[in-house]
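Note sheet for the following structure.
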Amino acid sequence: MTTDPQRDPGSAEALMARARDLAASVRRSTAPNPWVGAVLVADGVVVGEGATRPPGGPHAEVVALAEAGERARGATMVVTLEPCAHRGRTGPCADALVAAGVARVIVGVEDPDQQVAGAGIARLRAAGIEVEVGPGGDEVRAQLAPYLHHRRTGRSFCLAKSALSLDGRVAAADGTSRWITGPRARADAHGVRADSQAVVVGSGTALADRPALTVRDVAPAPERPPLRVLLDGLGRVSADGPLFDVSLAPTLVCTTRAAPDAVVAAWRAAGAEVEVVAPSATSPRRGVDLGAMLDLLGARGVLQAMVEGGSALHGALVAEGRVDRLVCYVGAVSLGADGLPGLAWPGPSTIADAPRWTLESATVLGDDVRLDYTPRPADAAPTGAD
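Just so we're on the same page, the numbering used here is the position in the sequence shown counted from 1, plus 197.
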């Protein structure tokens, strides 16, 4: 067990920051469960730490209690997410805290899962344990955004990732796009893939790039490779190439009844799963309904779906308001007016109707920049002034 000498071990915020660090270390192994960290403190000394193990293993609180042993009695537990109060593949963490004699629990955020939703906190308080909710909560909500969104909506958190030139193009006029960004940005993007449970592309990108959509050269590697998802409502993509090599990673094709039976049979013969969903009511091509796709992935336990493109798919997601996070890698290259635009959609008729975004972070990666945005509510006040 370690503590950071720069942090006051008695500060709830500092201890919550340590718990977040522990949670971050297991993000790629816990889905569809949340990545949670816990720190147990007695008399100003950390006596136990824990992070949630892969599904079926103990939760963060139980790991920390096991490390502390008898030192847990009378101690304070700091945990990023509300302890569970129901029995699944493991027992209720709230009951374990009561049995261990913990005196106080500090919770980052309440768990919106319908099996928890305040019940864990209520059980702790009913047992006479002091509970405080909120220290470091904003940072925990940001860390657990895909999980919290999934539990509130049943739908996968949609992260749209794009690599753009300085002038907002995703490819040159001839369709080539390798490489808009440099090696550091590409390595970072593989980290985003590893943090996701599904990687999604449209049929245009699959035809143009023949991508593998696998995670490469990341540490730690995900517990399981992300599900590769192809959206092909008309059956345009043949069942060959790396995307249909299921020895690399599993593949799911989301299509519609418009896809020819022979193409669907070939997809299945190659080892891919195929799901027929409703066609889009808004797309002129009658492609896959994007809301139905995200609902389907959510039902399969996909907390975060990373949508890699192409520009038509990204444009449709933005137009329908389905993007929960937008990650743009801006490369140090210019492609000119004949290059392909980053978002292929009609767009608003006036700037007053343009969707707005909030910049969450900016990261320099060699000569490139990663920009992370979240959608700004339509009624939110604009930032800055002329």
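Yeah, the Cβ is synthetic: ideal placement off N, Cα and C, and Gly gets one too.
*Proximal residues to ALA384 (C-beta, below 7 Å), its chain only, five neighbours per side dropped*: ASP414
*Return yes when the Cβ of ARG286 is within less than 8 Å of the Cβ of GLY253, no when it is not.*
yes
*Is it buried or exposed for GLY432, if we count other Cβ within 10 angstroms and need 16 for buried?*
Under this definition GLY432 is a buried residue.
*Residue ranges of each beta strand (DSSP E) run of no fewer than 3 residues wholly in the segment 542-572, ordered along the chain?*
Counting whole runs of 3 or more residues, the segment 542-572 contains the beta strand (DSSP E) stretches 554-562 and 565-572.
*Reduced DSSP category for GLU307 - H, G, I as helix; E, B as strand; rest coil*: coil
*How many angstroms separate the CA atom of ARG519 from the CA atom of LEU356?*
9 Å
*Pair every Cβ in the segment 234-244 with every Cβ in the segment 268-288, then say whether three or more of these pairs are closer than 8 Å.*
yes
*Assuming LEU505 contacts VAL337 under a Cβ cut-off of 8 Å, what Cβ separation, rounded to an integer in Å, is found between them?*
The sequence given here places Glu at residue 505; Leu does not occur at that position. Rounded to the nearest angstrom, the Cβ distance from GLU505 to VAL337 is 28 Å, too far for a contact under 8 Å.
*Count the other C-beta atoms from every protein chain shown that fall within 10 angstroms of the C-beta of PRO423, then say buried if there are 16 or more, exposed otherwise.*
buried
_Suppose the cutoff is 6 Å on Cβ atoms and the five residues either side in sequence are ignored; what does the same chain contact list for LEU523 look like?_
ALA357 and TYR570
*asked:* If distances are taken between C-alpha atoms only, which option among TYR526, GLY317 and LEU494 comes closest to GLU307?
replied: Comparing Cα-Cα distances from GLU307 to each of TYR526, GLY317 and LEU494, the minimum goes to GLY317.
*Tell me whether the beta-carbon of LEU568 lies closer than 8 Å to the beta-carbon of LEU556.*
yes
*asked:* According to DSSP, simplified to helix, strand and coil, what is PRO289?
replied: Looking at PRO289 - three-state DSSP - the assignment turns out to be coil, as it is neither helix nor strand.
*Using a C-beta cutoff of 8 Å, does THR287 count as contacting chain D?*
Absence of chain D from the displayed structure is noted, only one protein chain being present.
_Nonlocal neighbours in the same chain, by C-beta distance under 8 Å from ARG250, ignoring five residues either side_ = VAL223, SER226, THR227, HIS256 and VAL260
_In the DSSP output, what is THR452 paired with across the bridge?_
VAL473
*List the endpoints of the continuous beta strand (DSSP E) containing VAL499.*
Looking at the DSSP string, VAL499 is not in any beta strand (DSSP E), and its letter there is neither H nor E.
*Can you give the beta carbon distance from MET490 to LEU428, rounded, assuming they're within the 8 Å contact cut?*
7 Å
*What's the gap between the Cα of ASP406 and the Cα of SER400?*
10 Å
*Is it right to say THR547 is buried, meaning 16 or more other beta carbons lie within 10 angstroms of its own, or is it exposed?*
exposed
_Using a Cβ-Cβ cutoff of less than 7 Å, which residues in the same chain neighbour VAL328 once the five nearest sequence positions on both sides are dropped?_
VAL302, VAL304, ILE318, LEU321 and ARG322
*asked:* Check for me: the alpha helix (DSSP H) holding ARG383 runs from which residue to which?
replied: 380-391
*Supposed close pair GLY379, GLY563 - CB separation, criterion 8 Å*: That pair is a contact at about 5 Å.
*If you draw a straight line from the alpha carbon of GLN312 to that of HIS346, how long is it in whole angstroms?*
15 Å
*Reduced DSSP secondary structure (H/G/I, E/B, other) of GLY298*: coil
*asked:* Measuring only the C-alpha atoms, how far is SER359 from GLY484?
replied: 21 Å
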